[in-house]
């Protein structure tokens, strides 16, 4: 059995990659992908602890996180689409205001 | 909004990752008894017995998000 520490390090690395992507990218789609990466890092933690503690609740909670992430990405993509129609770009540095 | 350069961001994120790994290496995790069998069945049963109320709330949330996304993505909204 793989030690728990490896899963946690993998999760920390995934979270850091997502945070670095969020800090460096200027593309809205890439930003959504990085948010998804960070949510999935949390999922890995939950499932690993669920496995090693012998408690199934973590996997149920991971299922809920996946569904919340789906809702978040749907709304985020709709917002990006609207921003592209209004401003003609999805570069966050070029959008100076959020208007109707 | 200030713009920091790329090197600074990379250094900050790597320091954060190093901090996380250092904490994880030091911690003593309580590991429970042996693992369980048949996880998919157990997850399904748990999802529909003790977590059925959050399950319904998530269903309503997904419906609301879908309706909101479709409304925002319509072309008539901008007019």
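Protein chains in written order, with my numbering: chain A, 361 to 460; chain B, 39 to 117.
A virtual CB, placed ideally from N, CA and C, is assigned to each residue, including glycine.
Using beta-carbon distances, residue 86(B) does not count as an interface residue toward chain A, since no partner is under 8 Å.
Look at the beta carbons and you see the stretch 388 to 398 of chain A touching the stretch 431 to 447 of chain A: at least three pairs across the two are nearer than 8 Å. As a beta-bridge residue in DSSP terms, residue 387(A) pairs with 451(A). When the alpha-carbon of residue 96(B) is set against those of 424(A), 408(A) and 455(A), the nearest one is in 424(A). Think of a sphere of 7 Å around the beta carbon of residue 48(B): the chain A residues whose beta carbon falls inside it are 380, in chain order. Taking 8 Å as the cut-off, the Cβ atoms of residue 406(A) and residue 421(A) count as close. Taking 3 residues as the minimum length, the stretch 62 to 107 of chain B contains no beta strand (DSSP E) run wholly inside it.
Within the stretch 419 to 452 of chain A, the residues whose Cβ lies closer than 8 Å to some Cβ of chain B are 419, 420, 423, 424, 427, 428, 430, 431, 432, 434, 435, 437, 438, 439, 441, 442, 445 and 446, listed in chain order.
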